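Undergrad:
There are 2 protein chains.
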Amino acid sequence: MSYEQLKLDNQLCFPVYAASRLITSEYQPYLNELGITYPQYLVLMVLWEKGDSYVNDIARKLILNTNTITPLLKRMEHQGIIERKRSAKDERKVVVSLTAYGRSMEKKAAKIPELLANKLLSDKLDLHDIVSLKNKLEVLIEMLKK
Amino acid sequence: MSYEQLKLDNQLCFPVYAASRLITSEYQPYLNELGITYPQYLVLMVLWEKGDSYVNDIARKLILNTNTITPLLKRMEHQGIIERKRSAKDERKVVVSLTAYGRSMEKKAAKIPELLANKLLSDKLDLHDIVSLKNKLEVLIEMLKK
DNA sequence: CTAATTTATATCGTGCACGATATTTTATTT
DNA sequence: AAATAAAATATCGTGCACGATATAAATTAG
Numbered sequence: 001m002s003y004e005q006l007k008l009d010n011q012l013c014f015p016v017y018a019a020s021r022l023i024t025s026e027y028q029p030y031l032n033e034l035g036i037t038y039p040q041y042l043v044l045m046v047l048w049e050k051g052d053s054y055v056n057d058i059a060r061k062l063i064l065n066t067n068t069i070t071p072l073l074k075r076m077e078h079q080g081i082i083e084r085k086r087s088a089k090d091e092r093k094v095v096v097s098l099t100a101y102g103r104s105m106e107k108k109a110a111k112i113p114e115l116l117a118n119k120l121l122s123d124k125l126d127l128h129d130i131v132s133l134k135n136k137l138e139v140l141i142e143m144l145k146k
Numbered sequence: 001m002s003y004e005q006l007k008l009d010n011q012l013c014f015p016v017y018a019a020s021r022l023i024t025s026e027y028q029p030y031l032n033e034l035g036i037t038y039p040q041y042l043v044l045m046v047l048w049e050k051g052d053s054y055v056n057d058i059a060r061k062l063i064l065n066t067n068t069i070t071p072l073l074k075r076m077e078h079q080g081i082i083e084r085k086r087s088a089k090d091e092r093k094v095v096v097s098l099t100a101y102g103r104s105m106e107k108k109a110a111k112i113p114e115l116l117a118n119k120l121l122s123d124k125l126d127l128h129d130i131v132s133l134k135n136k137l138e139v140l141i142e143m144l145k146k
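Chains as they are written, first to last, in our numbering: chain A, 1 to 146; chain B, 1 to 146.
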């Protein structure tokens with residue numbers, strides 16, 4: 001492999017890093033209306049889909065550690081979006097559940113995926129490309145997560 | 001577009017976000033040997049390739065704002081990796097240059113891209129996939145950056 | 001049944017990332 | 001030439017992200 005590889009443009013890693021930040025910033029206007037951040041939106045998607053969840057399960061789904069998730073959940077609790085309480089069965093676990101307010105956010109958020117898709121699709125990048133991107137990244141993720 | 005779209009798995013954004021963090025963590029062991037972080041490594045790649053650069057040019061290449069880059073550069077200056085000084089021609093600009101130590105890091109870093117490539121390649125994801133990923137992400141980035 | 005280990009969450013410290021805003025210098029208008 | 005605008009960098013505040021470590025409950029081993 002050549003020395004040229006050191007160049008920024010030749011690498012996969014920088015595009016993924018840059019794309020991640022840019023896509024997140026595309027979400028911001030919509031998430032601002034809901035008063036949440038992108039990682040908080042991810043937590044909500046888990047809860048909307050799965051209902052009450054343990055901290056650990058949320059963390060595993062988002063591939064984040066509890067030292068990231070715990071303070072994030074506390075902020076969401078403080079905002080009245082979720083509740084946290086120790087499981088009765090296993091006192092080590094904490095059950096995260098939606099408040100009525102947190103549940104009510106789902107309808108407002110329902111339009112976001114479509115709005116985002118419209119922003120990401122173009123004459124240079126069609127649905128097929130997006131799906132192919134998603135699939136390859138998922139293979140990569142499965143390889144890399146422990 | 002269906003309500004199902006709300007599901008985490010159906011979206012491109014989460015895979016990009018997760019892959020970015022996972023890939024960055026793959027760099028960590030090698031970057032630890034150099035005593036730098038991934039964003040600092042990106043700055044070094046710009047300087048190794050282009051030589052003395054204005055803060056603004058580095059920021060544009062990495063698609064970062066100066067409120068991220070400035071403190072990052074200060075930390076690198078503190079570590080003796082780079083120097084920062086106001087341009088004589090235009091007192092608004094700051095020229096960033098490598099120290100002898102910063103230049104010396106290039107040889108140690110030269111092996112990193114190959115090591116990373118070996119980690120990312122597999123039977124499920126070959127060089128062709130990686131190149132295709134990179135190209136599509138770059139199209140996406142060009143669309144999204146301003 | 002007690003000790004050691006594992007599991008689940010939390011705390012602490014550091015470094016991004018970025019919106020909002022400030023400061024200084026250069027360029028442009030009037 | 002003075003006023004205004006634009007450009008370049010910096011400061012401040014908040015929220016991740018994560019390594020290292022701590023704490024407490026549950027499980028397993030001896």
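Just so it is clear, CB atoms sit at the ideal spot from N, CA and C, and this is done for glycine as well.
Predicted model only: the values in this text are computed from it and were never measured.
(1) Determine the direct distance from the alpha carbon of I36 of chain A to that of V139 of chain B, and round the result to whole angstroms.
(2) Measure the C-alpha to C-alpha separation of V16 of chain A and V43 of chain A and round it to an integer number of angstroms.
(3) Taking C-beta pairs closer than 9 angstroms, name the residues in chain B that L133 of chain A reaches, listed in chain order.
(4) Using three-state DSSP, classify T70 of chain B as helix, strand or coil.
(5) Can E22 of chain A and I63 of chain B be called in contact, C-beta distance under 8 angstroms?
(6) Just to confirm my understanding: we take S132 of chain B, look at its own chain, exclude 5 residues before and 5 after, and list those with CB closer than 6 angstroms. What are they?
(7) Would you say I130 of chain A and L115 of chain A are within 8 angstroms of each other, going by their C-beta atoms?
(8) Any beta carbon of chain B sitting closer than 8 angstroms to that of E26 of chain A?
(9) Below 7 angstroms CB to CB, which residues in the same chain sit around I69 of chain B once its five sequence neighbours on both sides are set aside?
(10) Mind reading off the beta-carbon distance from L47 of chain B to A109 of chain B? Whole number of angstroms is fine, and I expect it under 8 angstroms.
(11) Evaluate K61 of chain A with the Cβ neighbour count: other Cβ atoms within 10 Å of its Cβ, from every protein chain shown; 16 or more gives buried, anything less gives exposed.
(12) If V96 of chain A and S87 of chain A are in contact, beta carbons under 8 angstroms, what's the gap, nearest whole angstrom?
(13) Please classify L121 of chain A: does DSSP put it in a helix, a strand, or coil?
(14) If we cut at 8 angstroms on Cβ distances, does S53 of chain A have a partner in chain B?
(15) Kindly indicate the opening and closing residues of the alpha helix (DSSP H) around E106 of chain A.
(16) Give the single residue among A:D52, A:E142, A:L125 and A:L72 whose Cα lies nearest to the Cα of E142 of chain B.
(17) Quick one: what's got a C-beta closer than 7 angstroms to E26 of chain A's C-beta in the same chain, skipping five residues either side?
(18) Please tell me whether L144 of chain A has its Cβ less than 8 angstroms away from any Cβ of chain B.
(19) Hey, which unbroken runs of the alpha helix (DSSP H) at 4 residues or more fall wholly within the region 26-50 of chain B?
TA: The answer reads as follows:
(1) As a position in the second sequence, residue 139 of chain B is number 139, starting the count at 1. As a position in the first sequence, residue 36 of chain A is number 36, starting the count at 1. V139 of chain B and I36 of chain A have their C-alpha atoms roughly 28 angstroms apart.
(2) On the first sequence, position 16 is the one that residue 16 of chain A refers to. On the first sequence, position 43 is the one that residue 43 of chain A refers to. C-alpha separation (whole angstroms): 22 angstroms.
(3) Here residue 133 of chain A refers to the residue found at position 133 when the first sequence is read from its first residue. Ordered by position in chain B, the residues that pass the 9 angstroms Cβ test against L133 of chain A are L12, P15, V16, S132, L133, K136, L137 and L140.
(4) Within the second sequence, the letter at position 70 stands for residue 70 of chain B. In this structure, DSSP gives T70 of chain B a helical state, which the three-state scheme calls helix.
(5) To locate residue 22 of chain A, count along the first sequence from 1; it is residue 22. To locate residue 63 of chain B, count along the second sequence from 1; it is residue 63. With the sequence shown as reference, residue 22 of chain A is identified as Leu, and Glu is not the correct amino acid for it. Contact: yes.
(6) Taking the second sequence and counting its residues from 1, the one referred to as residue 132 of chain B is at position 132. Cβ within range, chain order: n/a, list empty.
(7) Your numbering for residue 130 of chain A matches position 130 in the first sequence. Your numbering for residue 115 of chain A matches position 115 in the first sequence. Using a Cβ distance threshold of 8 angstroms, I130 of chain A and L115 of chain A do not count as a contacting pair.
(8) Here residue 26 of chain A corresponds to residue number 26 of the first sequence, with the count starting at 1. With its beta carbon less than 8 angstroms from one in chain B, E26 of chain A belongs to the interface.
(9) Within the second sequence, numbered from 1, the residue matching residue 69 of chain B stands at position 69. Hits under 7 angstroms: V55, I58 and A59.
(10) Counting from one through the second sequence, the residue named residue 47 of chain B turns up at place 47. Counting from one through the second sequence, the residue named residue 109 of chain B turns up at place 109. The distance from the Cβ of L47 of chain B to that of A109 of chain B is about 12 angstroms, inconsistent with a contact at the 8 angstroms cut-off.
(11) Locating residue 61 of chain A in the first sequence gives position 61, counting from the first residue. For K61 of chain A, the number of other beta carbons within 10 angstroms of its own is at least 16, and it is reported as buried.
(12) Indexing the first sequence from 1 puts residue 96 of chain A at position 96. Indexing the first sequence from 1 puts residue 87 of chain A at position 87. The C-beta distance from V96 of chain A to S87 of chain A rounds to 11 angstroms, too long to fall under 8 angstroms, and the pair is not in contact.
(13) What you label residue 121 of chain A is simply residue 121 of the first sequence in a count that begins at 1. Coil.
(14) Counted from its first residue, the first sequence places residue 53 of chain A at position 53. Contact with chain B is absent for S53 of chain A, since none of that chain's Cβ atoms lies less than 8 angstroms from the residue's Cβ.
(15) The residue labelled residue 106 of chain A in the question sits at position 106 within the first sequence. Unbroken alpha helix (DSSP H) run through E106 of chain A: A100 to A109.
(16) Position 142 of the second sequence, counting from 1, holds the residue named residue 142 of chain B. The option with the nearest alpha carbon to E142 of chain B is A:L125.
(17) Looking up residue 26 of chain A in the first sequence gives position 26. Closer than 7 angstroms at the Cβ level, and outside the excluded window around E26 of chain A, lie L116 and K119.
(18) Your numbering for residue 144 of chain A matches position 144 in the first sequence. It does; some Cβ of chain B falls within 8 angstroms.
(19) The region 26-50 of chain B contains these whole alpha helix (DSSP H) runs: 38-50.
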